[in-house]
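See below for the structure under consideration.
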Ligand SMILES: Cc1cc2nc3c(=O)[nH]c(=O)nc-3n(C[C@H](O)[C@H](O)[C@H](O)COP(=O)(O)OP(=O)(O)OC[C@H]3O[C@@H](n4cnc5c(N)ncnc54)[C@H](O)[C@@H]3O)c2cc1C
């Protein structure tokens, strides 16, 4: 019997772990190394005031995510009914209402009929929005929403990169946010246990690239990929070196409850031109059940702030919103250069990187990570599944099975 092909995955954040899951499921012999902690950016702290997520606070639901979660034995909870409402703040927050979308939807349909609805190469999100959805919707909704979600102004973002999932031919159905009770750490811990039980060789070590008899998947963040690729594809390494990233500060604050919230709902996205300090805020205890006894808010800033700066900024925006309650605790997490800057330069770099895929594939090297067009965990998971399918097809065609 032929031995199973071996795959070595470097990087044990979400991308590496989920690639290991699919690779093991496909019958590969899997070695996974992580230099720091399993889960990478992801992590949940249990504090006396309640849960604190250090990066992502939820997945987008897909049937595939539900399947993987059930294999690793973690039930997913849906959002509370109170999370339906979302706000966009120019001077004051207004709830997002379906009627605000109607003119934009109508404009989109008209553009689609003229086959003018897809982003042009190197078009910014603001440019696409004005052209396809109309200037008013772009100004009042699209620009604040994108800053709140990506931490970058829509004036810089590449429309092709941001909207790619929307124009995919076979798009997996995504339906709302989900999270395990107890936060994302519960999911990561269960996945790690599952991989161990399936015989995945897992090591905490700072790995270098060695290619011997199998496949290599680089699942580190973009910066380390530049170093790791240097000896194997100097051109790919150079493209990685040219990538730029954004830094975010996430500040989770707990407050004493003071009756009904003035803005019941998922959270608020802040317009970039209206002097708000934050890009967005999540009202955690109104999104998922059991987030602790107090009011819990996660404030996202599109820059690095010290703890005292973050505290001041949270209190200033809260005062402007008229939110009551004394702060019980504040925990600040910095995601320094953690998310790629999805601008039009990045779009050009990814086109060039795609051109190098055959060269990397010939050397049995595969790449996964949020610099490749998939910031969200659910998209990273789907990419991992497709990557493993490709790897398995390559192994089969080369007669390694
Ligand atoms: C504040 C914030 C909020 C977010 N919110 C959401 C959200 O609500 N929903 C969502 O879907 N997504 C969200 N995201 C995005 C999501 O969290 C990330 O895209 C995702 O976690 C990235 O995972 P990754 O494995 O690709 O990278 P990482 O988590 O960066 O993992 C890479 C790993 O590689 C390891 N590594 C590097 N070099 C080596 C080496 N030589 N040897 C071994 N290991 C190495 C690192 O130690 C690290 O653990 C958010 C991100 C941030 C920052």
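Numbering (the working numbering), first residue to last: 1 to 401.
Positions of the beta carbon are idealized from the N, C-alpha and C atoms, including for glycine.
These numbers come from a predicted model, not from an experiment.
Beta-carbon proximity check, residue i vs residue j, cutoff 7 Å
i: residue 161; j: residue 347; result: yes
i: residue 10; j: residue 20; result: no
i: residue 50; j: residue 275; result: no
i: residue 31; j: residue 209; result: no
i: residue 277; j: residue 317; result: yes
i: residue 405; j: residue 159; result: Examination of residue 405 is not possible in this model, given that the chain is present from 1 through 401 alone.
i: residue 54; j: residue 333; result: yes
i: residue 267; j: residue 283; result: yes
i: residue 60; j: residue 265; result: no
i: residue 349; j: residue 239; result: yes
i: residue 232; j: residue 84; result: no
i: residue 295; j: residue 320; result: no
For residue i, the nearest candidate out of the options (CA to CA)
i: residue 247; options: 26, 13, 41; result: 41
i: residue 71; options: 239, 24, 50, 93; result: 24
i: residue 173; options: 253, 205, 241, 64; result: 64
i: residue 6; options: 165, 221, 215, 199; result: 215
i: residue 269; options: 227, 203, 144, 152; result: 144
i: residue 205; options: 38, 382, 15; result: 38
i: residue 237; options: 374, 223, 245, 250; result: 223
i: residue 34; options: 313, 15, 77; result: 15
i: residue 302; options: 358, 272, 392, 282; result: 272
i: residue 261; options: 285, 388, 240, 239; result: 285
i: residue 58; options: 85, 127, 188; result: 188
i: residue 166; options: 374, 397, 388, 386; result: 374
i: residue 77; options: 180, 89, 171, 110; result: 180
i: residue 279; options: 90, 335, 148; result: 148
Inter-residue spacing [alpha-carbon to alpha-carbon] between residue i and residue j
i: residue 353; j: residue 48; result: 46 Å
i: residue 401; j: residue 234; result: Residue confidence is low: residue 401 scores 48 on pLDDT, short of 50, so the model does not pin down where it sits. No coordinate-derived value is stated.
i: residue 308; j: residue 150; result: 24 Å
i: residue 28; j: residue 191; result: 17 Å
i: residue 193; j: residue 381; result: 18 Å
i: residue 326; j: residue 253; result: 10 Å
i: residue 108; j: residue 117; result: 6 Å
i: residue 355; j: residue 114; result: 31 Å
i: residue 26; j: residue 389; result: 8 Å
i: residue 245; j: residue 157; result: 12 Å
i: residue 52; j: residue 92; result: 27 Å
Task: Ordered list of beta strand (DSSP E) runs contained in the region 4-40, each at least 3 residues - done: Considered as a whole, the region 4-40 harbours 6-10, 29-34 as its complete beta strand (DSSP E) runs of no fewer than 3 residues, in chain order.
Task: Inside the region 109-181 only - alpha helix (DSSP H) runs reaching at least 4 residues - done: As summarised for the region 109-181, the continuous alpha helix (DSSP H) elements at least 4 residues long and confined to that stretch are 125-128, 143-150, 159-163, given in chain order.
- [ ] Let me know the beta strand (DSSP E) ranges lying completely inside the region 206-285, each 3 residues or longer, listed in chain order.
- [x] For the region 206-285, whole beta strand (DSSP E) runs of length 3 or above, ordered along the chain, are 215-218, 245-255, 267-270, 280-283.
Task: Every unbroken beta strand (DSSP E) inside the region 299-331 [3 residues or more] - done: Within the region 299-331, no complete beta strand (DSSP E) run reaches 3 residues.
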